[in-house]
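K.L.:
Line by line, the protein sequences give chains A and B. Take the first sequence: its letter number 340 is residue 339 in numbering that gives the first Met the number 0, and every next letter is one higher. Take the second sequence: its letter number 216 is residue 215 in numbering that gives the first Met the number 0, and every next letter is one higher. Glycine included, each C-beta is placed from N, C-alpha and C at the ideal position. Given the structure is predicted, the values throughout are model-derived calculations rather than measurements. Encoded as structure tokens, here's the structure I'll be asking about.
Number of protein chains: 2
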Amino acid sequence: MDETIISAPGKVILHGEHAVVYGKTAVASSLNLRCFVRALPSEDGCINLDLPDVFLQRQWTVKSVQDNLLPRLVQNGYDGIVSPEPASEDELEILKEFAKIPKDSTATTSELAVIAFLYLYCKVFCSSSKRTLPAFRLRMISELPVGAGLGSSAAFSVCLAAVLLQWSGQISCKSPQHLPREDYRGDTAMSGSLGWSRDEQLLINKWAFLGEKIIHGQPSGIDNSISTLGGAISFQNKIIETVQKMPKLRILLTNTKVPRSTKLLVAGVRKRHEKHTLVMEHMLEAIEGIAQQSLRVFAALSDKPYDTEAYAELEELIDINQSLLNGTGVGHTSLDKIVALTARYNLHTKLTGAGGGGCTYTLIKPGADEDDIKNVKKELELEGFQCWETCVGSAGVAYHPTGHSDPTVPQQLFES
Amino acid sequence: MDETIISAPGKVILHGEHAVVYGKTAVASSLNLRCFVRALPSEDGCINLDLPDVFLQRQWTVKSVQDNLLPRLVQNGYDGIVSPEPASEDELEILKEFAKIPKDSTATTSELAVIAFLYLYCKVFCSSSKRTLPAFRLRMISELPVGAGLGSSAAFSVCLAAVLLQWSGQISCKSPQHLPREDYRGDTAMSGSLGWSRDEQLLINKWAFLGEKIIHGQPSGIDNSISTLGGAISFQNKIIETVQKMPKLRILLTNTKVPRSTKLLVAGVRKRHEKHTLVMEHMLEAIEGIAQQSLRVFAALSDKPYDTEAYAELEELIDINQSLLNGTGVGHTSLDKIVALTARYNLHTKLTGAGGGGCTYTLIKPGADEDDIKNVKKELELEGFQCWETCVGSAGVAYHPTGHSDPTVPQQLFES
Chain A
0 MDETIISAPG KVILHGEHAV VYGKTAVASS LNLRCFVRAL PSEDGCINLD LPDVFLQRQW
60 TVKSVQDNLL PRLVQNGYDG IVSPEPASED ELEILKEFAK IPKDSTATTS ELAVIAFLYL
120 YCKVFCSSSK RTLPAFRLRM ISELPVGAGL GSSAAFSVCL AAVLLQWSGQ ISCKSPQHLP
180 REDYRGDTAM SGSLGWSRDE QLLINKWAFL GEKIIHGQPS GIDNSISTLG GAISFQNKII
240 ETVQKMPKLR ILLTNTKVPR STKLLVAGVR KRHEKHTLVM EHMLEAIEGI AQQSLRVFAA
300 LSDKPYDTEA YAELEELIDI NQSLLNGTGV GHTSLDKIVA LTARYNLHTK LTGAGGGGCT
360 YTLIKPGADE DDIKNVKKEL ELEGFQCWET CVGSAGVAYH PTGHSDPTVP QQLFES
Chain B
0 MDETIISAPG KVILHGEHAV VYGKTAVASS LNLRCFVRAL PSEDGCINLD LPDVFLQRQW
60 TVKSVQDNLL PRLVQNGYDG IVSPEPASED ELEILKEFAK IPKDSTATTS ELAVIAFLYL
120 YCKVFCSSSK RTLPAFRLRM ISELPVGAGL GSSAAFSVCL AAVLLQWSGQ ISCKSPQHLP
180 REDYRGDTAM SGSLGWSRDE QLLINKWAFL GEKIIHGQPS GIDNSISTLG GAISFQNKII
240 ETVQKMPKLR ILLTNTKVPR STKLLVAGVR KRHEKHTLVM EHMLEAIEGI AQQSLRVFAA
300 LSDKPYDTEA YAELEELIDI NQSLLNGTGV GHTSLDKIVA LTARYNLHTK LTGAGGGGCT
360 YTLIKPGADE DDIKNVKKEL ELEGFQCWET CVGSAGVAYH PTGHSDPTVP QQLFES
């Protein structure tokens, strides 16, 4: 077991949010804001979990896990190979108890992350032939804002699963390579995770989903799939399909920082749908058409990455969908402001996710005026929004073998 | 022939603009901003046309019309009863020549209004048994902005036709009555024109359409129909149907004063429709659904004028349609500004007409806070917009027998 640095991307919904609830297609893509995890063998017999982004640090001795937790989670001793199964209610109670999380209170996201960590730690090692639990330090640094609908918890679960599977010898990185962080300025379309075979990726994804399930309750599986595999997926009636040809697209991601309740927004759309069924059905069908058309344009752009007409079409689809989402009642003045502000620079923006605040993405065409991008970003930040220049359609989970000298890895990963 | 004061309303499209081009239903309604015409017999043997709103004043002797124009327009002398037929190209040339409008230049709207006046003057009198052309002064004062898509020219044509038919004895006002200008604050649903029988109304409408044809080229017949009949109509595939139950609705009408070309806007929608046919068809179907639903809500409101739920539904339909119109590409930052500004007062606004600027209407519910209305109007005017507090669904062409003491008649009608 060597020091291991792994990263996994977040996700954005490009088209089809809300419509997906009514059986229409959603298209989601990896977002090259990444979660980084560094795992380091430790001599002190302890497991150290360090999540500075959420101000969380926990420590257990391997002995206490081995004596007090493992026997209750893996009943047949260490004899049987454990397979990836969702944590049962009983197991969750056991984990909560071990992690000293009050039984009757609702656990916070970071407490649930602790539980997911402990669950994966025990189960992944017991699913391998190498069933000795190791002592180690694990530190996570994430570029993704938490709770903004960008898949930060899935990215964490994916990193965690990849680290644990790698350490337990169930997967092994065959072609370790840099993840060129800045390559979104280039035209290389990158998708697929870096370093593992397809089967290994699917194993990472399977375990990551179990972690996601603990943190999120009823995840769709979209977030962890995208974070593992990279690129884009289409999703309809719970069936996830990989988008075969996804270009890497440069975007400006903006967080309104307006808190919103996905549940309430979905309920609002439901109410409007019940009241104006016919009208809303046509609007949802229009959104379906936009999602399908975006997939066709993505495929075309994969072959001709600089096709200005294809970009113009993507911009038009963004505009139309943003209007339709407004029409379903999930708009917000903060979103209108971003749309209007970017429009002054001839940039096209739509909300991503639940709406009613939350995040937007603005498409940046190849050859865009860099001063414009700088200025629009500055203006948005002056309005109190948070912006990231990043890209979608980038690589999934990635192994960083030369972590310390790798400029794409945040240096905070090596602090403390 | 006595002094005659007649008024006729403008129109707004409530739902279905642009979609109507694709065979969907448009719902249009009378707008209680009115065109007023005062006709006064004169002793000087002259016909005096006075349109101060467009800075136009013209005068002809009855003799010159009788000698130089009439014989060329009504070939059979005065023998046959003239029936309402559109002016031929030849007749238009004759009228232009008589009115001294340069032959090869494009006539302005006010020049075309002069031609329409002369045409109706000659033809209406020759269609009656009373075929003597009278000397008179005719003055028009309009509350409607010109060229804003609010049917100002149709309202003028309707007033003109009503005056001329009344003077030539072809219609006669049976129950002259006040048009209570302020009654939009009450709940009386008023539709149908005031003072004439249905057949008389249809005769006014027929002649008014001919005037409108001269001014507008290829009018749909919507504007003059609404101006004559009041209330609302639905319009699909060139078939006009009267909306049987139309409530009077209080609105705030706002003119962005942003000039727009209806032709270019329609062409833009056409282009988007060609490019994204499926998506656009669903959006147009959604607009069709909104138009149909608005008709159902109007009928319900006619029976229960204070139904808050019905008003909430109208507001929702306004919001959805405004979003859809944005999605078809006919939005404008000025429109967004009005929508956002009124939304801060919980008021709901959509564009009316071609979009890309032009006018909006904002629904005002019964029991709305009058201070709010005052403030929102003030804010809009500070932004440089022009506002009118008025109503839709009001009476059509109306006769004002007690003009001078009638507070609803603008006093400028009696000046000069």
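At what residues does the alpha helix (DSSP H) containing residue 118(B) begin and finish?
P.N.:
Element bounds for residue 118(B): 108 to 125.
K.L.:
Spell out whether any CB of chain A is found under 8 Å from the CB atom of residue 275(B).
P.N.:
So yes, residue 275(B) belongs to the interface.
K.L.:
Measuring CA to CA, which of 311(A), 152(A), 120(A) and 158(A) is closest to residue 73(A)?
P.N.:
Nearest option by C-alpha distance: 120(A).
K.L.:
Would you mind working out which of 24(B), 258(B), 230(B) and 216(B) sits nearest residue 331(B), comparing C-alpha positions?
P.N.:
When each option's Cα is compared against that of residue 331(B), the closest is 258(B).
K.L.:
Could you tell me if residue 399(B) is buried or exposed, where buried requires 16 or more neighbouring beta carbons within 10 angstroms of its beta carbon?
P.N.:
Its Cβ being crowded by 16 or more others within 10 Å, residue 399(B) is buried.
K.L.:
Using a Cβ-Cβ cut-off of less than 9 Å, list which residues of the segment 315 to 334 of chain B approach chain A; keep chain order.
P.N.:
Within the segment 315 to 334 of chain B, the residues whose Cβ lies closer than 9 Å to some Cβ of chain A are 315, 316, 318, 319, 320, 321, 322, 323, 324, 325, 326, 327, 328, 330 and 332, listed in chain order.
K.L.:
Beta-carbon of residue 308(A) versus every beta-carbon of chain B: anything under 8 Å?
P.N.:
So no, residue 308(A) is outside the interface.
K.L.:
Which residues of the segment 114 to 143 of chain B have a Cβ closer than 7 Å to any Cβ of chain A? Give them in chain order.
P.N.:
Answer set for the segment 114 to 143 of chain B: empty.
K.L.:
Out of curiosity, what's the CA-to-CA distance linking residue 295(B) and residue 327(B)?
P.N.:
Approximately 25 Å between the Cα atoms of the pair.
K.L.:
Exposed or buried, which one is residue 312(B) when buried takes at least 16 other CB atoms within 10 Å?
P.N.:
Residue 312(B) comes out buried.
K.L.:
Considering only DSSP beta bridges, list what residue 345(A) is partnered with.
P.N.:
Per DSSP, none; premise fails for residue 345(A).
K.L.:
Assign residue 210(B) to one of three DSSP states: helix, strand, or coil.
P.N.:
Residue 210(B): helix per DSSP, three-state reduction.
K.L.:
Can you name the start and end residues of the alpha helix (DSSP H) that residue 315(A) belongs to?
P.N.:
That run of the alpha helix (DSSP H) goes 307 to 327.
K.L.:
I want to know whether the segment 290 to 306 of chain B touches the segment 302 to 322 of chain A - three or more CB-CB distances under 8 Å.
P.N.:
No: the two stretches stay apart, fewer than three of their Cβ pairs being nearer than 8 Å.
K.L.:
How about residue 118(B) and residue 153(B): are their beta carbons less than 8 Å apart?
P.N.:
No, the Cβ-Cβ distance between residue 118(B) and residue 153(B) is not below 8 Å.
K.L.:
Could you check whether residue 45(B) and residue 418(B) sit closer than 8 Å to each other, using their CB atoms as the reference points?
P.N.:
Lying outside 0 to 415, the shown extent of chain B, residue 418(B) is not represented and no answer is given.
K.L.:
Which residue from 325(A), 43(A) and 96(A) puts its Cα closest to that of residue 268(A)?
P.N.:
Cα-wise, what sits closest to residue 268(A) is 325(A).
K.L.:
Alpha carbon to alpha carbon, how far is residue 235(B) from residue 284(B)?
P.N.:
Cα to Cα, the separation comes out at about 13 Å.
K.L.:
Could you pull out every residue in the same chain whose Cβ sits closer than 6 Å to the Cβ of residue 49(A), ignoring the five residues on either side in sequence?
P.N.:
Same-chain partners within the cutoff: 56 and 138.
K.L.:
Residue 272(A) to residue 15(A), Cα distance in whole Å?
P.N.:
Distance between the alpha carbons of residue 272(A) and residue 15(A): 16 Å.
K.L.:
Is it the case that the Cβ atoms of residue 140(A) and residue 35(A) are separated by a distance below 8 Å?
P.N.:
It is a contact, given that the beta carbons lie within the stated cut-off.
K.L.:
Sort 201(B), 25(B), 232(B) and 391(B) by Cα distance to residue 362(B) and report the nearest one.
P.N.:
Minimum Cα distance to residue 362(B) is reached at 391(B).
K.L.:
Grouping DSSP H, G and I as helix and E and B as strand, with all else coil, what is residue 143(B)?
P.N.:
Looking at residue 143(B) - three-state DSSP - the assignment turns out to be coil, as it is neither helix nor strand.
K.L.:
Report the residues of the segment 279 to 309 of chain A with a CB closer than 9 Å to any CB of chain B, ordered along the chain.
P.N.:
Listed by position, the residues of the segment 279 to 309 of chain A near chain B (Cβ gap below 9 Å) are 279, 280, 281, 282, 283, 284, 285, 286, 287, 288, 289, 291 and 292.
K.L.:
Does the Cβ of residue 169(A) have 16 or more other Cβ atoms within 10 Å, making it buried, or fewer, making it exposed?
P.N.:
Classification of residue 169(A): buried, given that the 10 Å Cβ count is 16 or more.
K.L.:
Under the assumption that residue 253(B) contacts residue 143(B) (Cβ atoms under 8 Å), give the Cβ distance between them as a whole number of angstroms.
P.N.:
Incorrect: roughly 14 Å between the Cβ atoms, too far for contact.
K.L.:
Are the beta-carbon atoms belonging to residue 225(A) and residue 376(A) less than 8 Å from one another?
P.N.:
Result no, Cβ atoms of residue 225(A) and residue 376(A) do not sit closer than 8 Å.
K.L.:
Please report the straight-line C-alpha distance between residue 350(B) and residue 150(B), rounded to a whole angstrom.
P.N.:
Cα to Cα, residue 350(B) sits roughly 15 Å from residue 150(B).
K.L.:
In chain B, which residues lie with their C-beta within 8 Å of the C-beta of residue 339(A)?
P.N.:
Those within 8 Å of residue 339(A) in chain B are 332 and 335.
K.L.:
Counting C-beta neighbours from all protein chains within 10 Å, is the total for residue 275(B) 16 or more, i.e. buried, or is it exposed?
P.N.:
That one is buried.
K.L.:
Identify, in the order they occur along the chain, each residue of the same chain with its Cβ nearer than 8 Å to the Cβ of residue 167(A), setting aside the five sequence neighbours on each side.
P.N.:
So the list reads 123, 124, 126, 127 and 129, once near-sequence residues are dropped.
K.L.:
Count the other CB atoms, across all protein chains shown, that sit within 10 Å of the CB of residue 238(A); report buried if there are 16 or more and exposed otherwise.
P.N.:
By the neighbour-count rule (16 or more Cβ atoms within 10 Å), residue 238(A) is not buried but exposed.
K.L.:
If distances are taken between C-alpha atoms only, which option among 59(B), 194(B), 203(B) and 159(B) comes closest to residue 172(B)?
P.N.:
If we check each option's Cα against that of residue 172(B), 194(B) comes out closest.
K.L.:
Which residue or residues does DSSP assign as beta-bridge partners of residue 235(B)?
P.N.:
Answer is 238(B).
K.L.:
According to DSSP, is residue 259(B) part of a helix, a strand, or is it coil?
P.N.:
Looking at residue 259(B) - three-state DSSP - the assignment turns out to be coil, as it is neither helix nor strand.
K.L.:
To which residues does DSSP link residue 87(B) through a beta bridge?
P.N.:
DSSP output for residue 87(B) lists no bridge partner at all.
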